[in-house]
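**Student:** So the sequences go chain by chain: A and B. Here our numbering is used: the first residue of the first sequence is 958, the next is one more, and so on. Here our numbering is used: the first residue of the second sequence is 515, the next is one more, and so on.
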Amino acid sequence: MEETKKMTRQEKKALKERLKHLKSGKLEKRDASRGYLFMIPWFIGVAVFLAYPLGTSFWYSLNGIRNTPQGLFYTFKQFGNYTNILVRDPDFIVELVDYVTSTILSVPIIVVFALIIAMMLNMKIKGKSFFRLIFFLPVIIVSGPILGMLTEEGAGSISAIDMNAITAAISGVLPRMLAEPISDLFNNMITTLWYSGVQILIFLSGLQKIDKSMYEAAKIDGGSGWECFWKITLPNIKPMILLNVVYTVIFISSNSQNPIIGLIQTSMFSGDQDKGYGYAAAMAWLYSVVVILIVGLFALLLMTRKGAYEKQVKRAKKAKKQEARNRKKIERRNVRNAKRIERQRAQGKITSRTTSREDY
Amino acid sequence: MGTKDKEGFLKLFMVYALLICIGFIYLYPILHMVSVSFMSLDDLLDSSIKWIPSSFNLANYKQAAASMKFWSSLGQSILLAGIPTICNLISCSVIGYGLARFNFRGKGICMGIIILSYVLPSQVTMIPTYVLYSKLGILNSIWAFILPAMVGQGINAPIFILIFWQFFRQIPKVLNEAAKIDGAGYFESFYKVSLPSAKPAFITVALFSFVWYWNEAYLTSLYVHGFTGTGMTSLVIQLQNFTSNYNSYASTSTLSAAPSLNESIKMAGTMLSILPLLLLYFVLQKQFVESIDRAGITGE
């Protein structure tokens, strides 16, 4: 009995050893490579509609391009288009600064608003589906021309609130560069809030996935609703916050209400000698760098901020590591000391009594 | 919040009040639009009439519909949104399945490119794509939307790919293994085992893709409608060019009754261009509202 058991254990060990040296099997490899088959359409798409246009667009942006019936005529300008846009173009920089400030202002408003609505809808209230229906409605009608039409007719803001008073109050307090986007924001409050339909639903489904027992445990420990929000709700929906922020930024940037996009299109078809495809391509590149920077900024802001729990875990891990390092240090020193003492004893320099003390 | 004890009355009251107020603010532009669209010229000028017009005046709708060529634009809108949506469904589901089921080399890079292509504004690739389309001779035709959608590069396709990826990941792999043991090939096990269970993802992607294509004005006016307006048109494009459309309609109209453009006619035109989607929304409200929940985007 004893014998067989030992044998099996040895066998097991040998098997484990053998498995360690084994690479993934042929079947597994073939299986994985079939993934390429499914990805073929995507590879074609990336090559034709992403990689090729990206490269060509960059080449365009370095050239002055004249569009004639015979074809496109290139004249190499190096970074001439870029300097023209940044130095001479009267509109682009103004619009870009406007876009950046209004995006950075409105994204937090949209996301926080969406979170508040989602939390209210997550409570035990009647008519939940009716309210969800209302708050999701804008998603299907927010398109550039419709929003343009509505703001043109003054339906984008609430007429009951005196906008002029608010605008005056804001421009009295803040510098002009900030006051303008903020009062713009107030003027288009409704249409800004309309952008938050998808975000509300994302938050709502995130909130519903939080384990209810956590709140119960917190309540037993005497946590208030406020504390529960900061220590349970927020850390749990953090990935959704990032998701929503990125979604909002992209949505605002690709909305055809955005004047920069319009500017790019008009300069693309402009009859002006200096403008045309190359100029528009350079604009598009500058614009996308700015968009990516904004997304990166928000991502950085949201990713570095750790929850209280995570912080504690990190601190504990750090302390543990430090402790381990110290222990190792002591061990090493002990070994070193022992060796030295051994050596010294061999040379007959010290008596055994002192070693014992030093060893300790 | 999630506990069993009841919320306080005052708190509940506050929540209802807030929700109703914000709900009203949310609906305000739509209500305003509906009310103005029915007003006659006299009602518009009468400052005592704010919300309810003195009579339901359908003439605005008639004028707006005639100037937008409503029925033909509606048909083209449905084609322009529907066909690329079908292409999106096919291509994104295949790509999402490939990403979810197989651990091929370079998968991480592929995911990175998908996310990058979502963040990158379409304006960067727009100009060479425009030149490419004009070389291929598909500019100002629906093919300019179909071709990219067929290879997973349509409007917002990265989102759809990620939705399918997320969904196929949740379906147990054992099902595919069982199918394989029963002698199914890779594609057979894809469309006979995985596809039928991915119905919620299909509904979500179909709805969003349809709505987004329907509402797309910028790329439609560039690729499909054309700079000179020779290509196909959609209701949203017609609305974008509403003023010029209406003026040319009013000047050529055989009816001498076409009035000059006013607010009511504009609002009637806006209403007409969102009406089909509104109807779709109220018919499929449940699918829309629960779509994000069911697609498991937040599953992380």
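Every residue gets a Cβ at the ideal spot worked out from N, C-alpha and C, and that includes glycine.
Quick check: is the beta carbon of A531 of chain B nearer than 8 Å to any beta carbon in chain A?
**Tutor:** no
**Student:** Considering only C-alpha positions, which residue in the set A:I1157, A:A1295, A:S1224 is nearest to V1047 of chain A?
**Tutor:** According to the sequence provided, residue 1047 of chain A is Pro. The question's Val does not apply to it. Ranking the options by Cα distance to P1047 of chain A, first place goes to A:S1224.
**Student:** Tell me where the alpha helix (DSSP H) around I673 of chain B begins and ends.
**Tutor:** 671-684
**Student:** Give the range of the beta strand (DSSP E) segment to which F1226 of chain A is assigned.
**Tutor:** Element bounds for F1226 of chain A: n/a, residue is neither H nor E.
**Student:** In chain A, which residues lie with their C-beta within 9 Å of the C-beta of S655 of chain B?
**Tutor:** Residues of chain A passing the Cβ test: none, with the nearest at roughly 17 Å.
**Student:** Which residues in the same chain as L844 of chain B place their Cβ atom closer than 7 Å to its Cβ, once the five residues preceding and following it in sequence are excluded?
**Tutor:** Because chain B here runs from 515 to 814, residue 844 of chain B falls outside it and cannot be looked at.
**Student:** Report yes if the CB atom of P1138 of chain A is closer than 8 Å to the CB atom of S1059 of chain A, and no otherwise.
**Tutor:** Taking 8 Å as the cut-off, the Cβ atoms of P1138 of chain A and S1059 of chain A count as close.
**Student:** Assign K1232 of chain A to one of two classes, buried (16 or more other C-beta atoms within 10 Å of its C-beta) or exposed (fewer than that).
**Tutor:** Counting Cβ neighbours within 10 Å, K1232 of chain A comes out buried, since at least 16 surround it.
**Student:** Suppose contacts are defined by Cβ-Cβ distances below 8 Å. Is T1148 of chain A in contact with T1205 of chain A by that definition?
**Tutor:** no
**Student:** Distance check for D560 of chain B and N1193 of chain A, CA to CA, integer angstroms please.
**Tutor:** 54 Å
**Student:** DSSP on K973 of chain A, reduced to helix/strand/coil?
**Tutor:** DSSP places K973 of chain A in helix when its eight states are reduced to three.
**Student:** How far does the beta strand (DSSP E) with Y1031 of chain A in it reach, from first residue to last?
**Tutor:** 1028-1033
**Student:** Where do the N-terminal and C-terminal ends of the beta strand (DSSP E) with T1148 of chain A fall, by residue?
**Tutor:** Per DSSP, T1148 of chain A belongs to no beta strand (DSSP E); it is in the alpha helix (DSSP H), 1146-1151.
**Student:** If the criterion is Cβ atoms closer than 8 Å, does the pair L786 of chain B and Y542 of chain B meet it?
**Tutor:** no
**Student:** Under 7 Å between beta-carbons, which chain A residues line up against K780 of chain B? List them in chain order, please.
**Tutor:** M1106, E1110
**Student:** At 4 residues or longer, and completely inside the segment 729-755 of chain B: list those alpha helix (DSSP H) runs for me, N to C.
**Tutor:** 749-754
**Student:** Please list, in chain order, the chain A residues whose beta carbon lies closer than 8 Å to that of A731 of chain B.
**Tutor:** S1100, G1101, P1102, S1213
**Student:** Which two residues bound the contiguous beta strand (DSSP E) that contains N1024 of chain A?
**Tutor:** 1020-1025
**Student:** Any beta carbon of chain A sitting closer than 8 Å to that of S586 of chain B?
**Tutor:** no
**Student:** Would L1078 of chain A and R1089 of chain A be called neighbours here (beta carbons separated by less than 8 Å)?
**Tutor:** yes
**Student:** Would you call the CB atoms of L1158 of chain A and I806 of chain B closer than 8 Å?
**Tutor:** Cβ distance < 8 Å, so L1158 of chain A and I806 of chain B count as in contact.
**Student:** Which residues of chain B have a Cβ atom closer than 7 Å to the Cβ of M1225 of chain A, listed in chain order?
**Tutor:** By Cβ distance, chain B contributes I641.
**Student:** So what's S551 of chain B in DSSP terms, helix, strand or just coil?
**Tutor:** Judged by DSSP in its simplified three-state form, S551 of chain B adopts helix.
**Student:** Using the beta-carbon of each residue, which ones in chain A are nearer than 8 Å to E777 of chain B?
**Tutor:** The contacting residues are E1110.
**Student:** Quick one: give me the first and last residue of the alpha helix (DSSP H) that R987 of chain A is part of.
**Tutor:** 983-1003
**Student:** Starting from the C-beta of V803 of chain B, find all residues in its chain whose C-beta is less than 8 Å away, skip the five residues before and the five after it, and write them out in chain order.
**Tutor:** none
**Student:** Is the CB of S1318 of chain A under 8 Å away from at least one CB in chain B?
**Tutor:** Summary: the structure shown does not reach residue 1318 of chain A, with chain A confined to residues 958 through 1317, and so no result is reported for it.
**Student:** How is L634 of chain B classed by DSSP in three states: helix, strand or coil?
**Tutor:** coil
**Student:** Using a Cβ-Cβ distance cut-off of 8 Å, determine whether R683 of chain B contacts chain A.
**Tutor:** no
**Student:** If we count the other Cβ atoms within 10 Å of its Cβ and call it buried at 16 or more, is T1190 of chain A buried or exposed?
**Tutor:** Under this definition T1190 of chain A is a buried residue.
**Student:** Please check if any C-beta of chain B sits within less than 8 Å of the C-beta of V1057 of chain A.
**Tutor:** no
**Student:** Quick one: does E814 of chain B have its CB under 8 Å from some CB of chain A?
**Tutor:** Summary for E814 of chain B: the model assigns pLDDT 42, below 50, so the residue's position carries little reliability; its value from the coordinates is reported in the next sentence. So, interface residue.
**Student:** Any beta carbon of chain B sitting closer than 8 Å to that of Y1031 of chain A?
**Tutor:** no
**Student:** Going along chain B in order, which residues have a C-beta closer than 7 Å to the C-beta of A1237 of chain A?
**Tutor:** I641
**Student:** Assuming contact is defined by CB atoms lying nearer than 8 Å, are Y737 of chain B and L661 of chain B in contact in what I supplied?
**Tutor:** no
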